[in-house]
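Heads up: the structure comes next, in structure tokens.
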Amino acid sequence: MQKNIVYSIVVPLYNEELVIDESYSRLKKVMDSTYENYEIIFINDGSSDSTQKKVQQICKIDQNIKLINFSRNFGHQCAITAGMETSIGNAIVVIDADLQDPPEVIPEMIKKWKEGYDVVYGKRAKRQGESFFKKLTARAFYRLLKDMTSIDIPVDTGDFRLIDRKVCNTLNSLPERNRYVRGLVSWIGYKQTSVEFIRHERFAGDSKYPLKKMLKLAFDGITSFSYKPLVLSGYLGVLSLIIGIISTIATITKHLINNTNIINFGFIISINLIMFGIVLGCIGILGQYIGRIFDESKARPNYIIESIINNKENIKHEYTN
Ligand code: UDP
Ligand code: MG
């Protein structure tokens, strides 16, 4: 008989061979203490180390564990999307594998869910063991995003959160690509609250979010929820036009009064560089939006699943190419 799964824990994995055993045992301990049925869904996002092998071994001894293997690395946001689309629990918790988000916070989230909240997000009260650069850029980005959007995306929260089945279903029905999941959850609405936690140092290994991936996520966040960069580039154009008109009038007037040759080569070059910088920057901003429209028009799936292990229930969203 099929079990009535109450909780689904979604854990993305990219080259996490050093953390997987510890992550599994801490999650299992916490989830066993709920005395309710649960599933832990590991998503192997195209790892090139022994992550897949290690989780497969866990799957053999523990039927509560499911493993989704992607055909290649599609990225963290796609991995958690696949986990949510495969989940069958009444409440779904998304958590990183590296134990920076402590599994011991999950019971607190469950308590809030049982009080009637549909979304319980983890708010980072403190970040330990992360570089000054990471903390600074994260802090600046969350505040920039908040200023740019009209929806209330809470600052200092990642993807560590519990969502109710109805929120998960709504999220799964949104077809957009280049997903910024934490923003989408805020956009959906429902009754939301937070629990504070201290974000610890990574249990082992290095961050799988190099600057390039961080920038991609930041652009996804901004372009998915705000037109302000486009509006701003328009303002910048008007501003440079006004400066251009004023400087032209000043130059001609100076020329008429003093009757001197005021054309200075260095000055013209530097003005040109500034103008080109502004124009190319604005085209770049435009490109960020057009590229995403291009992705939408191609309508390719967000990820491709190569195999699923221990998924006896109906696979809801299996994509193949
Ligand atoms: N991750 C993933 N695909 C990626 C990059 C990361 O599934 O392309 C997973 C990773 O294994 C971890 C989570 O996403 O479970 C967060 O990544 P990480 O801890 O490296 O990011 P950081 O905490 O340094 O921002
Ligand atoms: Mg981490």
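Going by the UniProt record's numbering, the sequence shown opens with residue 1, and the numbers climb by one from there. The beta carbon of each residue, even a glycine, is placed where N, CA and C say it ideally should be.
Tell me the rounded alpha-carbon separation between residue 6 and residue 225. Their backbone Cα atoms lie some 32 Å apart in a straight line.
Flag residue 57 as yes when its Cβ comes closer than 6 Å to any non-hydrogen atom of ligand 2, and as no otherwise. no
Compute the Euclidean distance between the alpha carbons of residue 124 and residue 305, then round it to the nearest angstrom. It is roughly 32 Å from the alpha-carbon of residue 124 to the alpha-carbon of residue 305.
Counting only runs that start and end within the stretch 123-184, where is the beta strand (DSSP E) found for 3 or more residues in a row? You should have 157-164.
Going by C-alpha to C-alpha distance, which of 223, 208 and 41 sits closest to residue 286? 223
Reducing DSSP to helix, strand and coil, say where residue 72 ends up. coil
In chain order, what residues of the same chain lie with their CB nearer than 8 Å to the CB of residue 99, ignoring the 5 residues before and after it? 19, 22, 23, 26, 200, 202 and 203
List the endpoints of the continuous alpha helix (DSSP H) containing residue 248. 228-258
Contacts around residue 148, its chain only, beta-carbon distance under 8 Å, and the 5 residues preceding and following it disregarded: 222, 225, 226, 228 and 229
Drop a sphere of 10 angstroms on the beta-carbon of residue 34, count the other beta-carbons inside from all chains shown, and report buried for 16 or more, exposed for fewer. exposed
Is residue 67 helix, strand or coil by DSSP? strand
For the stretch 152-170 against the stretch 78-97, do three or more pairs of beta-carbon atoms, one drawn from each stretch, fall closer than 8 Å, so that the two count as touching? yes
Between residue 121 and ligand 1, is there a pair consisting of the residue's CB and a ligand heavy atom that are separated by less than 6 Å? Residue 121 Cβ: outside cutoff for every heavy atom of ligand 1.
Distance between residue 254 and residue 182 (C-alpha atoms, nearest Å): 56 Å
Shortest alpha-carbon distance to residue 54 belongs to which of 264, 8 and 14? 14
Length of the line joining the Cα atoms of residue 273 and residue 214: Approximately 29 Å, taken between the alpha carbons.
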